[in-house]
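Residue numbers (full-length UniProt numbering): 1 to 942. Cβ coordinates follow ideal geometry from the N, Cα and C atoms, glycine included.
Structure (structure tokens):
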């Protein structure tokens, strides 16, 4: 149940967990971070005694009007001999460094300043139309302002004269000068950075102390005029903490209301700066540490404190009728640089305050056309902020120039509106037109010239990039029908894309030149596969798949899978040019496939291995050819550790962001790993890193994959990539956005759904058949099979391996080798076929044969390997790249629908090939032309 609370006394009955709604603002849950009436009353009775006592010493028998309070303080402290005097104690307190928990670090100050500048238009609007117009209307603050005529003259008349409007507007400008000086938005920009500007001796610190002393003078004047009410404490701890929250928290509320996303780290830094300021403003350290510790806590603080600040207690109705809200909005009307009308000011104030509080403060209603105009202008004001957030990630120089221009521009504009003066926050009374020489500033023509030039450059670059993006969007719209066809109709070919050449490097095979099985290499392969998929049970549901859609009547088709080239009599489509360039490739092995990429500015050429079983891109920072971060101007540290395990080894280091170019496609802020340590298994390869081409769900960096970024950036029209892995011949390639139908058997695709769309490229493996000694037999599996170009063999559970080899007569486990290796009579010449979605694909006997046993050359080791039962107890298969079914040709697609629902599909094609019976790793192996296509297509689930 939501409780509406409008009076301070109503908070006495609230319990922790109650949902509270006040003055039309968002509801919040009442908890320990909220302020109850007892606490508010205690703060209401407390002022700033150190400051008040110091002012009594400074102006014992004189008036403070027109005096530079800070200079007077420093001069008197220099003459004071007693450090324990009121002056000495006050000056010592403002010269202290805030304690931990209140103090803002150098990093926080810089981040908070950047946050303020990046959202300066919205924050300044929040301060004027929300914090000042609304906050200064608190009945207690109204009473204080009325006594000293600070914002508007006494009398409560909303229709002020022109001179009175100018006076009110000048008070607002002086408040904004204080904000800009706190945020180091001055011209010229000082050299000191970080918290030095806000520490004792800094210009920002001096402004804070001056405003604190000014508050003390105002407090003394109100007390003198309200001697008949001695219990009333003007500018109390309650008032000061509420004002601090209105400067720190209300701008964040405004950004949320305007729908502008922002960095939470930047928001915390912005709050930390104001918490630091609050310490020197005389706000209790208890309040700052307890209620300004984080953005979430400050939200609760201001939401609950607002109930007490705006509570309509007895005797406050007259004060509320004299609230300065409407006079402030009139005074700010038709002023440069925006010259907004009074109706506009009322419209945006009502929008930010909400109708309940706006009506409470008697802000006039506005017309519907003005409301529409308001929404349009606010939307237009959002674009530069959103553009800077996005474009600044790629062009930090542009972002820094924008910040420099905004900071200096705001300072110079404010200086001009104040009549070329910089106020020192002197207390004044009936000397409003007085001028002080030390506040006058000379025109800074050089800084103005630089700022104008920078502003023009920033604006032109933003417009050019925006027009370029619009042009790209219009260009992509031209291909809308192509995308519609991709979603709803079968696709035969794509004639656009980018080809990446893939070279192949050999490594120590599990079968040596004498056709002997190499158990040491095979064991390493098995162990690294188990490590690579050690978390598979967390990513996958390994429960056995249902058997109801496997038609055992297709056994004959499964067992009779064709192997001979002459049996493929379907017409092969003519080759198509599928990319802007085609590069001849080098074939030097059967396991590792690599291509050239470029990273950094200027580009550094490197080679990476293509791996569909992982998601991450990483490169080495050591060796003969390596990535050098210090030689790239676009390098950025991603501040995270990196570690990954593959079937062929493991690598570790840290993460980075830089420009990555592959086959003419550039991702400007790609996150990747920079490896400083890797296993010996990986060091033996000639490539410089690995390019993960998985689905993104098992990424170690947590960042989008390279291909995800390529497609989201619109660099390819077709949401697919193809991998063609030829054996012992030229022609291997990876193509982004295309595939070559000439490498496929039939123009009619075979669609097979991916079972785990968020993690691995996996199919449903229905069954495995084997024909040994011309006797076909079938084993049903119904498990997941992961397609992994970074793995060599086929891995299944040990139970499935045992059942499978039972189909080959005289097969048995090679216990002397350990692990899941099985041997069979070489003359059995087994012909193995896999069933995916009731479609069969054969493995040639030479692919299945890993080599002969050294102890018995009549027995061969099979390429289907069993894994320990504890690893994948319910069954999982890893299909490596050394077998015919998986090795040849793969096209994978990824499309993002409006509902973000995806259905992935793989399709396999086979083409004629030539075989030798000597084994897949034999140096005497003949060239073969087998091809495989994996295609993932995406549909909306509705």
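Euclidean distance between Cα positions of residue i and residue j
i, j, result
"residue 7", "residue 347", "27 Å"
"residue 299", "residue 30", "12 Å"
"residue 904", "residue 759", "Its pLDDT being 36, under 50, residue 904 is placed unreliably in this model, and the coordinates cannot settle the point."
"residue 419", "residue 64", "23 Å"
"residue 777", "residue 595", "41 Å"
"residue 49", "residue 121", "36 Å"
"residue 3", "residue 253", "21 Å"
"residue 372", "residue 380", "12 Å"
"residue 452", "residue 383", "21 Å"
"residue 736", "residue 390", "25 Å"
"residue 83", "residue 89", "7 Å"
"residue 815", "residue 656", "46 Å"
"residue 698", "residue 615", "6 Å"
"residue 640", "residue 701", "8 Å"
"residue 966", "residue 521", "Here the chain covers residues 1 to 942 and nothing more, so residue 966 does not appear."
"residue 285", "residue 102", "8 Å"
"residue 341", "residue 333", "5 Å"
"residue 34", "residue 288", "14 Å"
"residue 670", "residue 607", "16 Å"
"residue 664", "residue 761", "26 Å"
"residue 216", "residue 310", "23 Å"
Buried versus exposed, by CB contacts within 10 Å (16 or more), residue i
i, result
"residue 349", "buried"
"residue 9", "exposed"
"residue 221", "buried"
"residue 676", "exposed"
"residue 112", "buried"
"residue 478", "exposed"
"residue 637", "exposed"
"residue 19", "exposed"
"residue 141", "buried"
"residue 474", "exposed"
"residue 569", "Confidence is the limiting factor: at residue 569 the pLDDT is only 32, short of 50, which leaves the residue's position unreliable, though a coordinate-based value still follows. The residue in question, residue 569, is exposed, as its Cβ has fewer than 16 Cβ neighbours within 10 Å."
"residue 854", "exposed"
"residue 764", "buried"
"residue 754", "buried"
"residue 480", "exposed"
"residue 296", "exposed"
"residue 733", "buried"
"residue 688", "buried"
In DSSP terms, what residue i is bridged to
i, result
"residue 597", "606"
"residue 620", "675"
"residue 825", "859"
"residue 783", "765"
"residue 657", "636 and 671"
"residue 770", "777 and 832"
"residue 641", "654"
"residue 103", "DSSP output for residue 103 lists no bridge partner at all."
"residue 692", "611"
"residue 413", "None; residue 413 has no bridge partner."
"residue 421", "440"
"residue 3", "20"
Best match in the options for proximity to residue i [C-alpha to C-alpha]
i, options, result
"residue 278", "237, 257 and 794", "237"
"residue 852", "861, 844 and 846", "861"
"residue 465", "388, 141 and 80", "388"
"residue 47", "218, 333 and 89", "218"
"residue 369", "377, 362 and 810", "377"
"residue 660", "267, 165, 181 and 603", "603"
"residue 281", "182, 129 and 800", "182"
"residue 642", "342, 665 and 620", "620"
"residue 227", "449, 271 and 147", "147"
"residue 518", "447, 817, 161 and 235", "817"
"residue 13", "28, 33 and 37", "37"
"residue 460", "398, 429, 471 and 472", "398"
Near the ligand MG: residue i beta-carbon under 7 Å from a heavy atom
i, result
"residue 304", "Ligands in the displayed structure: none, and consequently the ligand MG is not present."
Practice task
Return the chain-ordered ranges of every beta strand (DSSP E) run that is complete within the segment 257 to 306 and spans a minimum of 3 residues.
Solution key: none
Practice task
Tell me the start and end of each unbroken alpha helix (DSSP H) in the segment 118 to 151 that is at least 4 residues and wholly inside, in chain order.
Solution key: 120 to 126 and 139 to 148
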